Amino acid sequence: MNELATKVANRVLARIIVDWYAFYEVPSAPDLVDHVVGVIRTLATGFQNMRLKTVLLPSILMMALPGLAHAATYTVGPSGKQYTQLSAVFSSKNLNPGDIIEVEGNATYNGGIVVGSDDSGTAASPVIIRWRPGSSGSRPVLQGGTNTIKFQQSNNIVFEGFDVRGGTNTCIFSEADNVTVRDAVIHDCPGHGILAADQLSGSFTLEYSEIYNAGASSNRHPIYMQSDEVAFPNAVFKMRFNYLHDGKGGNLVKVRHQRSEIYYNWLEGSAYQALEFIGPDCYEQQAGWNVNLKREDADVVGNVIVQSGSWANAVRMGGDLNGRSQGRVRMVNNTILFTRSGTANAVMVQLGAESLEMHNNIVYQTTAGGKPTMVKENVVDDTPEPCSPQSTSPWSSGRKVAGSYNWVQTGAVVPSEWRNTLTGANPGLANVATYSLRPLATSLLVGAGANPPAVSTAFPFPSPLAIPLYDPPVRAKMAPTAARARTLSAARISLGAFEVAAGGTTPGQTIRVAGSQPLLSGQVGSATVTAQALPASAAAIDGGVRNRGAFGSRKFAKATLADGSVRTCQLLETGLVCRND
């Protein structure tokens, strides 16, 4: 009788469990009932006393039913809410995965907030701290404290909708893994805007946010990111759809992270470089770390960089004496605009980078006589810091550079390794003076790129974003619902961060068709594409004719180059010049 009762009870419990799983949309196996019965039997083994079973049964049931542990929602506001300060929630509660804190707007709350290790979520059920949905008026303001808010080993956190203003140092300090900052406005930070710790920091996502008036001197940055490669191997820093501007010191974005994905941002007004990609600070790492443990890579796609200050470099990569990346940097479809006069370097390489590849970019200096250098190598005088390996060379294992289909000014210094570089006096953008950086419909930039760009077999970038799928914001904060898919203006992708028009269907990443855009007179901007080592016998002209006579007098014709690509070419006195189709 007891055995029969136990079987019946097990079946009933199993049925309840299945119903709870279904209610909470937890995927269940086809034989979930039998599986749960087995779990209950195993947990009950050895307990002969029915009363003990009765006592344990609720605990067993709670273990089997994740949905029974309801996530809590806590409210914060000046009046009528559970708490009047956000900090009070963390000092009085240990949060659980899935818990939500909703904060009322139109109010300012004290900074110095610490989200501790006992407030962590999980990857599937993060703890969410947010501006209450549906609130009218202004964002909730967090202000004050040494760190306005710190994630102190509180992993799996989403923080969204806040206005964060500095106290005495850093606005947001992350010492945690899988932190997402979304839809935030971070400003007037006397030190760093966002800082990640050298140790115990992992993946971090920053999206749809604005950062300005942050940083100080040369070593306080609007964004300063690093990951702990011992505690959180394979962590990723994702930065997308952000507007960063008016830095007060340092680099707009300084990164020592293992992998950085910098997609669809507008970066303007850095005191130093807009972007810096270097290695972890060797003084500050955990035991077990060494410079060869990981390589620090960065994929930079679909961004606008406006270098307007006194600093010559838009991007710097490699090392800074404290840490060399030995990493790979890939830059695709970025618009790099120098509005400053004098020396201009698209990328400065120093102290230990592995490789750099650049495709489909625009690099343009607006001031008279601008002739930017695309890749500047900085060979330092010495290496006074004791971090090893020591080398004054810009490259960790010899120069490795590749590039294709970039537009640069006539006279710019271009790497010999680049192929199919377009040059001219004017790229044909809508209105550079007002920062309207879309190409005109008649610009030679339209349809002039490769989608996707060729992959270097010597130093391939791991899992890149082949081509940009969205537009970046345009000198303004972008709302989380405002991202616009990039619409191709032609059969091939255009150069730079924008197409002619916004919005539309997301482009595919495998388009490899020959286009149909001849070199027409009257196009805005000027450009040529220098063919690669193309003797007369190498050109297969329309109709199968294999000699340059088919061009006639400055006649356009199709040509298959030595690399197998088809181009529309023109024979000039100076040789064969082509553009990509």
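Residue numbers (our numbering): 55 to 635. The beta carbon of each residue, even a glycine, is placed where N, CA and C say it ideally should be. Predicted model, so just to flag it, every value in this text is computed and none were measured.
Using three-state DSSP, classify residue i as helix, strand or coil.
| i | result |
| --- | --- |
| L391 | strand |
| L140 | helix |
| A484 | strand |
| D351 | strand |
| S145 | helix |
| N357 | coil |
| V239 | strand |
| C336 | coil |
| N267 | strand |
| N432 | strand |
| H246 | coil |
| F258 | strand |
| T129 | strand |
| N474 | coil |
| G152 | coil |
| T464 | coil |
| P493 | strand |
| S458 | strand |
| P276 | coil |
| E283 | coil |
| H299 | strand |
| D217 | strand |
| F291 | strand |
| F513 | coil |
| V309 | strand |
| V90 | Because V90 sits at a pLDDT of 45, beneath the cut-off of 50, its placement in the model cannot be relied upon, and the point is left open. |
| T541 | coil |
| W449 | strand |
| S82 | Because S82 carries a pLDDT of 39, less than 50, the predicted location of this residue cannot be relied on, and the following value inherits that uncertainty. Looking at S82 - three-state DSSP - the assignment turns out to be coil, as it is neither helix nor strand. |
| Y318 | coil |
| T224 | strand |
| L498 | coil |
Since residue i and residue j are thought to touch, with beta carbons under 8 Å apart, how far apart are those beta carbons, to the nearest angstrom?
| i | j | result |
| --- | --- | --- |
| D282 | Q253 | 5 Å |
| A289 | S257 | 4 Å |
| I316 | D353 | 7 Å |
| P448 | L405 | 7 Å |
| Y318 | P526 | 4 Å |
| L549 | L491 | Actually they are not in contact, since the Cβ atoms of L549 and L491 sit about 11 Å apart, beyond 8 Å. |
| H241 | T224 | Going by Cβ atoms, the distance from H241 to T224 rounds to 13 Å, so no, they are not a contact pair. |
| L22 | A502 | Any property of residue 22 remains undetermined from this structure, which presents the chain solely from 55 to 635. |
| P522 | V355 | 5 Å |
| S379 | A407 | 6 Å |
For the candidate residues the options, whose alpha-carbon lies nearest to that of residue i?
| i | options | result |
| --- | --- | --- |
| R294 | L542, E411, A537 and L549 | A537 |
| F411 | G396, Q419 and A400 | In the sequence as displayed, the identity of residue 411 is Glu instead of Phe. Selected option, being the one with the closest Cα: A400. |
| H169 | A177, E229 and S179 | Note on residue identity: the sequence assigns Val, not His, to residue 169. Of A177, E229 and S179, the residue nearest in Cα terms is E229. |
| A325 | N367, L491, Y137 and C336 | N367 |
| E264 | W320, N344 and H413 | W320 |
| K135 | L499, R186 and C243 | R186 |
| L140 | R382, W343, G159 and T397 | G159 |
| I248 | V468, G503, I203 and L499 | I203 |
| S409 | L375, T464, I332 and N485 | I332 |
| S497 | Y489, S510, G482 and S490 | G482 |
| F144 | S174, D374 and L476 | S174 |
| P516 | G381, A456, E156 and A539 | G381 |
| P426 | T464, K454, T446 and T200 | T464 |
| T535 | G423, Y262, G356 and G199 | Y262 |
| V383 | A341, N432 and G457 | G457 |
| A398 | S510, A466, N344 and V486 | A466 |
| A177 | G191, V195, G396 and D153 | D153 |
| A251 | E156, A539, R310 and V554 | R310 |
| Y489 | A422, M385 and A551 | A551 |
| Y459 | G557, K292 and H413 | H413 |
| T222 | S208, N201 and F205 | N201 |
| A126 | I182, D172 and A142 | I182 |
| G419 | G478, R378, S379 and R529 | Here residue 419 turns out to be Gln, not Gly, going by the sequence shown. Q419 has its Cα closest to that of G478, out of G478, R378, S379 and R529. |
| G220 | P244, S208, Q206 and Q207 | P244 |
| G191 | T162, D374 and N415 | T162 |
| R453 | V429, A545, N474 and W461 | V429 |
| Q280 | K531, N150, W472 and K292 | K292 |
| V345 | G373, R540, G166 and H275 | G373 |
Is it the case that the CB of residue i approaches a heavy atom of the ligand NAD more closely than 7 Å?
| i | result |
| --- | --- |
| R310 | Absent from the structure shown: the ligand NAD. Ligands present: none. |
Looking at chain B, is there any beta carbon in it that lies within less than 8 Å of the beta carbon of residue i?
| i | result |
| --- | --- |
| D242 | Of the protein chains in this structure there is only one, and it is not chain B. |
Problem set entry | Inter-stretch contact at 8 Å, needing at least 3 Cβ pairs: the region 204 to 219 / the region 292 to 308 | As far as the Cβ criterion goes, the region 204 to 219 does not touch the region 292 to 308, which means the pair count is below three.
Exercise. Curious, which full-length beta strand (DSSP E) runs of at least 3 residues does the region 364 to 427 contain?
Worked result: 367 to 372, 382 to 386, 389 to 392, 399 to 404, 409 to 413 and 416 to 419
Exercise. Residue ranges of each beta strand (DSSP E) run of no fewer than 3 residues wholly in the region 158 to 214, ordered along the chain?
Worked result: 162 to 164, 167 to 169, 181 to 185, 195 to 197, 201 to 206 and 211 to 214
For this session: Pair every Cβ in the region 357 to 370 with every Cβ in the region 383 to 390, then say whether three or more of these pairs are closer than 8 Å.
Result: Counting Cβ pairs under 8 Å, three or more are found: they touch.
Problem set entry | At least three beta-carbon pairs within less than 8 Å, the region 195 to 213 to the region 230 to 247 | yes
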